[in-house]
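Numbering (the numbering used here), first residue to last: 533 to 866. C-beta atoms are modelled at their ideal positions from N, C-alpha and C, and glycine is treated no differently. None of the values given here were measured: they were computed from a predicted structure.
Written out as structure tokens, the structure reads:
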């Protein structure tokens, strides 16, 4: 009888623990869904400019309704959300911090060419002896043929090593790159990327230096070092960059043969980091706006949890920098 009681007590205790875990996961999923919907709502309702997402009251609206008036207006308001990964406390739930990264400011693994890929590896201080193998492996993984580049790898190589073969198509998420030969344990990339995104798989084109982290600036702009990338980042917070001349003037270089894909406005794909302040629990997802889709003008491309070993609880939270709730926007007439 005592054994039965002990077993019953253990079962009840285990069932209670499991119920608490399920409850916590359900609550976390609900919070995530609510915050995701808030972000999608505000992106759909408020304009974003060279400076970022304008969420305050308009101060500098167009002076007229002509095309030139609209083109030349700043659309600046008294509150903005920077799309460069700056941290904001959620107004609707101050237990969470949100960081939003414009996908056009990151290194796109689906479109980056050999030159800029090697620039990125150099910026991340990956030994130069590994550059060709890493670059060729990525290019072989995403192209549609089975012809192996000199230092690359195609299906037979992966199968011989007991690995999943390459998809021979665009990567769906940045984490898929961990399947690529040589990329799995590329700590110089993953340690930084898990903290703040460097790479992306957004379906967008162009490069936005107004929102790019220093690693992406050094990748795409010749002559940019860690030192002057910090200068550029500080200057663009004061005055946003509008053209390649602004970029060159800000760091003292002449940009003659730079990529034609400079684009100084944010795109429609955003990488969002949602962090629980007291635990450091970190969720990352990709949000793409679909303005022509009347039934659902946005989609979530992927969601994943950042590995536990990289969790960093916030010792202090800046509650002055907040991401407004839909109710805040409504009160402002938006």
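{"Check": "Kindly list the residues whose CB is nearer than 7 Å to the CB of residue 710, restricted to its own chain and excluding five residues on each side of it in sequence; keep chain order.", "Outcome": "716"}
{"Check": "Does DSSP put residue 691 in a helix, a strand or coil?", "Outcome": "helix"}
{"Check": "Taking Cβ positions, are residue 855 and residue 622 nearer each other than 9 Å?", "Outcome": "yes"}
{"Check": "Assuming the contact rule is C-beta atoms closer than 8 Å, residue 713 and residue 748 should be a hit. Round their C-beta distance to whole Å, please.", "Outcome": "With a Cβ gap of about 24 Å, residue 713 and residue 748 do not count as contacting."}
{"Check": "Quick check on this structure: which residue in 634, 639 and 617 has the alpha carbon closest to the alpha carbon of residue 721?", "Outcome": "639"}
{"Check": "Output the distance between the C-alpha atoms of residue 779 and residue 695, rounded to the nearest integer angstrom.", "Outcome": "43 Å"}
{"Check": "Please classify residue 733 as buried or exposed, where buried requires at least 16 other C-beta atoms within 10 Å of its C-beta.", "Outcome": "buried"}
{"Check": "Exposed or buried, which one is residue 570 when buried takes at least 16 other CB atoms within 10 Å?", "Outcome": "buried"}
{"Check": "Looking at the unbroken beta strand (DSSP E) that takes in residue 815, where does it start and where does it end?", "Outcome": "814 to 821"}
{"Check": "Express the C-alpha separation of residue 728 and residue 631 in angstroms, rounding to a whole number.", "Outcome": "9 Å"}
{"Check": "For the beta strand (DSSP E) holding residue 806, just list the boundary residues, first then last.", "Outcome": "801 to 808"}
{"Check": "Here's a check: name, in chain order, each residue in its chain whose Cβ is nearer than 6 Å to the Cβ of residue 616, leaving out the five neighbours to either side.", "Outcome": "743"}
{"Check": "How would you label residue 634, buried or exposed, when you count the other beta carbons within 10 angstroms and need 16 or more for buried?", "Outcome": "buried"}
{"Check": "Give the secondary structure of residue 583 by DSSP, where H, G and I count as helix, E and B as strand, and everything else as coil.", "Outcome": "coil"}
{"Check": "Any idea which residues DSSP pairs residue 634 with across the strands?", "Outcome": "802"}
{"Check": "Consult DSSP for residue 830 and reduce its assignment to one of helix, strand or coil.", "Outcome": "strand"}
{"Check": "How is residue 739 classed by DSSP in three states: helix, strand or coil?", "Outcome": "strand"}
{"Check": "Assign residue 512 to one of three DSSP states: helix, strand, or coil.", "Outcome": "Absent from the model: residue 512. The displayed extent of the chain is 533 to 866, so no value can be given."}
{"Check": "According to DSSP, simplified to helix, strand and coil, what is residue 704?", "Outcome": "coil"}
{"Check": "Determine the extent of the alpha helix (DSSP H) in which residue 764 is found, giving its start and end residues.", "Outcome": "758 to 770"}
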